[in-house]
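Q: If you're matching them up, the sequences are chains A and B in order.
In this text, residue positions in the first sequence follow the UniProt record's numbering: the first is 1, and each later residue adds one.
In this text, residue positions in the second sequence follow the UniProt record's numbering: the first is 1, and each later residue adds one.
Positions of the beta carbon are idealized from the N, C-alpha and C atoms, including for glycine.
Number of protein chains: 2
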Amino acid sequence: MADVTERMLGLLSTLQTGRPFSGDELTRRLNVSPRTLRRDVDRLRGYGYPVETQPGPGGYYRLAAGRTMPPLVLDDDEAVATLLALASLAATGTSTEGGIDDAATRAYGKLDQFLPARLRPRVTSIRASLETSPQHAPGVTAHQLSVVAETISEHEMIAFTYTNARGERTDRRVEPYRQVHHLLRWYLLAWDGEREDWRVFRMDRVTDVVRTGEPFEPRPLPAGSALDYLRQGLNKGKEPVRIRVDAPAATVIDVLKFQDAEIHPIDDQHTTITLALDSWQWLILNLAFLEADFHISEGADFAAACRTFGERLMGATRT
Amino acid sequence: MADVTERMLGLLSTLQTGRPFSGDELTRRLNVSPRTLRRDVDRLRGYGYPVETQPGPGGYYRLAAGRTMPPLVLDDDEAVATLLALASLAATGTSTEGGIDDAATRAYGKLDQFLPARLRPRVTSIRASLETSPQHAPGVTAHQLSVVAETISEHEMIAFTYTNARGERTDRRVEPYRQVHHLLRWYLLAWDGEREDWRVFRMDRVTDVVRTGEPFEPRPLPAGSALDYLRQGLNKGKEPVRIRVDAPAATVIDVLKFQDAEIHPIDDQHTTITLALDSWQWLILNLAFLEADFHISEGADFAAACRTFGERLMGATRT
DNA sequence: AAGATGCGGTCAGGATCTGGCCACATCTGT
DNA sequence: ACAGATGTGGCCAGATCCTGACCGCATCTT
Numbered sequence: 001m002a003d004v005t006e007r008m009l010g011l012l013s014t015l016q017t018g019r020p021f022s023g024d025e026l027t028r029r030l031n032v033s034p035r036t037l038r039r040d041v042d043r044l045r046g047y048g049y050p051v052e053t054q055p056g057p058g059g060y061y062r063l064a065a066g067r068t069m070p071p072l073v074l075d076d077d078e079a080v081a082t083l084l085a086l087a088s089l090a091a092t093g094t095s096t097e098g099g100i101d102d103a104a105t106r107a108y109g110k111l112d113q114f115l116p117a118r119l120r121p122r123v124t125s126i127r128a129s130l131e132t133s134p135q136h137a138p139g140v141t142a143h144q145l146s147v148v149a150e151t152i153s154e155h156e157m158i159a160f161t162y163t164n165a166r167g168e169r170t171d172r173r174v175e176p177y178r179q180v181h182h183l184l185r186w187y188l189l190a191w192d193g194e195r196e197d198w199r200v201f202r203m204d205r206v207t208d209v210v211r212t213g214e215p216f217e218p219r220p221l222p223a224g225s226a227l228d229y230l231r232q233g234l235n236k237g238k239e240p241v242r243i244r245v246d247a248p249a250a251t252v253i254d255v256l257k258f259q260d261a262e263i264h265p266i267d268d269q270h271t272t273i274t275l276a277l278d279s280w281q282w283l284i285l286n287l288a289f290l291e292a293d294f295h296i297s298e299g300a301d302f303a304a305a306c307r308t309f310g311e312r313l314m315g316a317t318r319t
Numbered sequence: 001m002a003d004v005t006e007r008m009l010g011l012l013s014t015l016q017t018g019r020p021f022s023g024d025e026l027t028r029r030l031n032v033s034p035r036t037l038r039r040d041v042d043r044l045r046g047y048g049y050p051v052e053t054q055p056g057p058g059g060y061y062r063l064a065a066g067r068t069m070p071p072l073v074l075d076d077d078e079a080v081a082t083l084l085a086l087a088s089l090a091a092t093g094t095s096t097e098g099g100i101d102d103a104a105t106r107a108y109g110k111l112d113q114f115l116p117a118r119l120r121p122r123v124t125s126i127r128a129s130l131e132t133s134p135q136h137a138p139g140v141t142a143h144q145l146s147v148v149a150e151t152i153s154e155h156e157m158i159a160f161t162y163t164n165a166r167g168e169r170t171d172r173r174v175e176p177y178r179q180v181h182h183l184l185r186w187y188l189l190a191w192d193g194e195r196e197d198w199r200v201f202r203m204d205r206v207t208d209v210v211r212t213g214e215p216f217e218p219r220p221l222p223a224g225s226a227l228d229y230l231r232q233g234l235n236k237g238k239e240p241v242r243i244r245v246d247a248p249a250a251t252v253i254d255v256l257k258f259q260d261a262e263i264h265p266i267d268d269q270h271t272t273i274t275l276a277l278d279s280w281q282w283l284i285l286n287l288a289f290l291e292a293d294f295h296i297s298e299g300a301d302f303a304a305a306c307r308t309f310g311e312r313l314m315g316a317t318r319t
């Protein structure tokens with residue numbers, strides 16, 4: 001009895017010629033019974049190969065090659081971009097069965113079979129010459145993301161188990177609205193009925209997703225986009241802060257150009273910054289780049305965060 | 001446990017990427033024991049696929065060029081991964097005409113034609129429900145990357161103009177060896193004949209690539225991999241820093257995801273970070289986000305910067 | 001030398017495969 | 001309409017293969 005995989009590879013090779021073969025002919029080639037041949041054909045179909053048949057006199061099995069690889073209208077750049085996108089995603093994850101990175105790896109290994117013959121040498125040369133830096137990111141399964149996407153489209157509630165950052169598990173039942181990809185993480189924006197509020201979940205902490213079959217009436221999103229809401233969630237509160245800096249206004253404007261702040265010169269060498277603080281860490285980064293002394297005139301919470309972090313920095317350097 | 005044939009086809013796809021994979025990584029992807037993996041590799045060898053290995057630290061399995069691949073189909077997860085990869089790459093860049101992100105955006109819009117009809121509803125629902133966060137990264141054209149890949153494969157010298165970080169332009173003529181994707185940037189590892197040494201170039205600073213038609217005799221790479229050499233080059237002249245953090249490794253990995261650092265757990269609640277210091281300000285930002293105590297074990301310059309900035313923060317809060 | 005990788009034999013238990021048999025569906029040619 | 005030649009899929013008992021665990025070993029790097 002031959003190795004099954006070997007036989008399947010042989011059958012694939014035979015069928016990829018695109019010719020029709022009668023069952024009788026295939027059983028002779030493979031040296032198996034007609035029943036086993038039928039199982040083999042079913043097996044190929046299970047893997048996604050579109051094997052066509054026709055019963056009756058002159059009946060046959062045939063691999064519908066034209067449907068496996070439909071004519072592609074990707075131009076050269078698009079094909080290369082697809083390849084590079086897969087290479088990049090393949091390097092992002094934990095190499096777990098079912099993970100997106102695993103699926104991306106396999107797709108990356110197959111892509112040339114879906115491109116016109118003229119692009120194959122290019123794919124081969126890119127693959128041979130490209131290295132990607134591994135990037136650790138929490139695993140999410142392609143299956144879970146696509147199930148959730150379908151329930152969003154169909155306005156169907158889902159239930160799942162959520163594990164928060166401290167390891168506590170809760171069962172949730174929500175209306176799903178958007179999935180967001182942000183800084184190597186996948187998030188779900190959903191309405192939580194029990195809490196009567198919007199919630200953002202990290203998809204790598206979501207397990208045991210179940211489709212409830214229960215439809216919901218869509219409600220308006222809580223912000224312009226799910227991404228906006230996600231960002232707001234990551235930045236709590238907005239404390240008014242005023243800082244006097246020992247630096248010229250022009251310097252301050254240059255360093256704080258990505259910060260939404262009001263900047264006024266006091267004199268040639270001193271400047272006032274006024275802003276609504278959303279992240280003390282990002283403001284500290286800007287102040288670090290300024291490399292100038294400063295004084296916090298307003299903003300007790302920010303001052304407290306600075307004191308705490310300052311103490312921490314001093315403590316870190318003690319031997 | 002997957003059907004053996006299915007698993008072998010998946011393993012073939014994975015190995016076809018040309019990358020080296022450790023046994024550990026493959027066992028995780030395939031969800032089998034190490035012993036079974038070894039049998040699978042033997043099985044592939046028996047079918048004529050030349051799988052190379054290297055034992056010892058950094059050991060791996062890799063598929064050498066040789067045997068033709070059987071016809072392969074995209075499974076559901078692979079199709080989803082392709083879609084997500086394109087979505088992610090489309091959001092990464094500067095939206096410049098000709099850039100990879102531009103091509104990825106177009107391919108993302110065309111993916112349906114790529115896929116069997118049964119997957120179309122899934123693609124549609126993912127597209128409708130997914131948002132991706134824009135990520136600014138230096139732009140590179142798909143055309144340039146593929147031209148360079150071809151010259152690497154064909155051992156052909158290229159000429160180009162290079163603009164360094166200070167804006168100075170030089171003409172270069174080099175032997176190209178590898179393109180590397182690392183932390184959102186594309187690099188080229190090449191041998192520079194004039195300088196008689198290896199050089200790493202950022203591809204977004206490379207312009208006016210010209211194929212010279214002149215072949216070169218390949219020389220051995222300067223390190224185990226181009227990525228290793230790239231890391232050494234990027235780290236050259238930077239201060240080695242070692243920090244002990246009172247936080248679990250998983251938390252640290254989460255926060256330092258865009259930092260090129262080695263992160264090792266000491267125990268459940270303590271972690272060591274080892275890195276070459278690029279910018280003390282950016283590292284301080286990461287440490288601020290960690291919200292945990294830490295101690296600097298190595299890196300006198302960094303410690304001094306922390307002390308100075310700590311004093312500045314403390315001074316800023318005095319009334 | 002220690003440790004991290006790959007290697008291959010052996011075993012018991014479990015899983016899958018096989019050919020034969022059967023009733024059935026579909027198609028073509030007379 | 002019918003006969004015959006094709007493909008279809010369930011069921012069964014017996015045979016075969018696969019698996020993880022265990023073990024001792026080889027190779028490579030630091």
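Starting from residue 322 of chain A, follow its DSSP beta bridges and name the residues at the other end.
A: Only positions 1 to 319 of chain A appear in the structure, and residue 322 of chain A is not among them; the question remains open.
Q: For the region 31–50 of chain A and the region 4–23 of chain A, state whether three or more C-beta atom pairs, one from each stretch, are separated by less than 8 Å.
A: Cβ pair count under 8 Å is three or more, so yes.
Q: Could you confirm whether any beta carbon from chain A is found closer than 7 Å to the beta carbon of residue 339 of chain B?
A: Beyond the ends of chain B as shown, which are 1 and 319, falls residue 339 of chain B; an answer cannot be given.
Q: So Ile-296 of chain B contacts chain A; which residues on that side make the cut at Cβ distance below 8 Å?
A: The answer, in chain order, is Ala-316, Thr-317.
Q: For the 8 Å Cβ check, are there 3 or more pairs between the region 273–283 of chain B and the region 233–242 of chain B?
A: The region 273–283 of chain B is in contact with the region 233–242 of chain B.
Q: If we call anything under 7 Å between Cβ atoms a contact, is Arg-29 of chain B one with Asp-204 of chain A?
A: The answer is no: Cβ separation not under 7 Å.
Q: Does DSSP put Arg-307 of chain A in a helix, a strand or coil?
A: Three-state DSSP puts Arg-307 of chain A in a helix.
Q: Under a three-way DSSP split, which group does Ala-276 of chain B fall into?
A: Looking at Ala-276 of chain B - three-state DSSP - the assignment turns out to be strand.
Q: Any Cβ of chain B within less than 7 Å of the Cβ of Met-157 of chain A?
A: Not closer than 7 Å to any Cβ of chain B, the Cβ of Met-157 of chain A fails to qualify, so no.
Q: Can you find a CB in chain A that lies within less than 7 Å of the CB of Asp-75 of chain B?
A: Yes, its Cβ sits closer than 7 Å to a Cβ of chain A.
Q: At a Cβ threshold of 7 Å, is Thr-14 of chain B touching chain A?
A: Yes, Thr-14 of chain B counts as interfacial toward chain A.
Q: Using alpha carbons as the reference points, say which of B:Met-157, B:Ala-303, B:Ala-137, B:Arg-202 lies closest to Ala-165 of chain B.
A: Measuring from the Cα of Ala-165 of chain B, the nearest candidate turns out to be B:Arg-202.
Q: Check the C-beta distance from Glu-52 of chain B over to Arg-67 of chain B and give it rounded, since I have them as a contact under 8 Å.
A: Not confirmed; about 13 Å, so no contact.
Q: In this structure, how does DSSP classify Arg-67 of chain A when only helix, strand and coil are distinguished?
A: Residue placement at Arg-67 of chain A cannot be trusted, given a pLDDT of 48 that sits under 50; the coordinates are not used to answer.
Q: Over the uninterrupted alpha helix (DSSP H) stretch that includes Leu-9 of chain A, give me the two end residues.
A: Start and end: 4–15.
Q: Provide the residue(s) that pair with Ile-296 of chain B in DSSP beta bridges, ordered along the chain.
A: BP columns for Ile-296 of chain B point to B:Ile-243.
Q: Determine the closest residue to Arg-211 of chain B out of B:Trp-198, B:Cys-306, B:Ile-158, with distance taken between C-alpha atoms.
A: Of B:Trp-198, B:Cys-306, B:Ile-158, the residue nearest in Cα terms is B:Ile-158.
Q: Around the C-beta of Thr-207 of chain B, are 16 or more other C-beta atoms found within 10 angstroms, so that it is buried, or is it exposed?
A: Counting Cβ neighbours within 10 Å, Thr-207 of chain B comes out exposed, since fewer than 16 surround it.
Q: In chain order, what residues of the region 51–73 of chain B put their CB closer than 7 Å to some CB of chain A?
A: So the list reads Pro-70, Pro-71, Leu-72, Val-73, given in the order they occur along the chain.
Q: Would you report the Cα separation of Gly-46 of chain B and Thr-14 of chain A, rounded to the nearest angstrom?
A: Approximately 19 Å, taken between the alpha carbons.
Q: Can you list, in chain order, the residues of the region 104–122 of chain B whose Cβ is nearer than 8 Å to any Cβ on chain A?
A: So the close ones are Ala-104, Arg-106, Ala-107, Lys-110, Gln-113, Phe-114, Pro-116, Pro-121, Arg-122.
Q: Interface residues of chain A around Ile-253 of chain B at Cβ under 8 Å?
A: Within 8 Å Cβ-Cβ: His-136.
Q: Who pairs with Val-200 of chain A in a beta bridge, going by DSSP?
A: According to DSSP, Val-200 of chain A bridges with A:Leu-189.
Q: Glu-214 of chain A and Glu-156 of chain A look like a contact to me (Cβ under 8 Å); what is the Cβ gap, rounded to whole Å?
A: With a Cβ gap of about 7 Å, Glu-214 of chain A and Glu-156 of chain A count as contacting.
Q: In chain order, what residues of the same chain have a beta carbon less than 7 Å from the beta carbon of Asp-192 of chain B, not counting five sequence neighbours either side?
A: Arg-172, Val-174, Arg-199.
Q: Would the beta-carbon of Leu-227 of chain B fall within 7 Å of that of Val-180 of chain B?
A: Yes; because the gap between Cβ atoms is below 7 Å, this pair is in contact.
Q: Within the chosen definition, does the region 93–107 of chain A reach the region 135–145 of chain A through at least 3 CB pairs nearer than 8 Å?
A: Segments in contact, yes.
Q: Going by DSSP, what residue range makes up the beta strand (DSSP E) through Thr-53 of chain B?
A: 51–54 is the extent of the beta strand (DSSP E) around Thr-53 of chain B.
Q: Can you name the residues that DSSP bridges to Glu-262 of chain A?
A: Answer is A:Thr-274.
Q: Closer than 7 Å between beta carbons: that is the criterion. Which residues of the region 154–179 of chain A meet it against chain B?
A: Within the region 154–179 of chain A, the qualifying residues are Arg-178, Gln-179.
Q: If we cut at 7 Å on Cβ distances, does Leu-83 of chain B have a partner in chain A?
A: Chain A, which has no Cβ nearer than 7 Å to the Cβ of Leu-83 of chain B, makes this no.
Q: Quick one: using the 10 Å Cβ neighbour count with 16 as the cut-off for buried, is Leu-264 of chain A buried or exposed?
A: It should be pointed out that residue 264 of chain A corresponds to His in this sequence rather than to Leu. So His-264 of chain A counts as exposed.
Q: Are any of the Cβ atoms in chain A nearer than 7 Å to that of Arg-29 of chain B?
A: Arg-29 of chain B counts as touching chain A.
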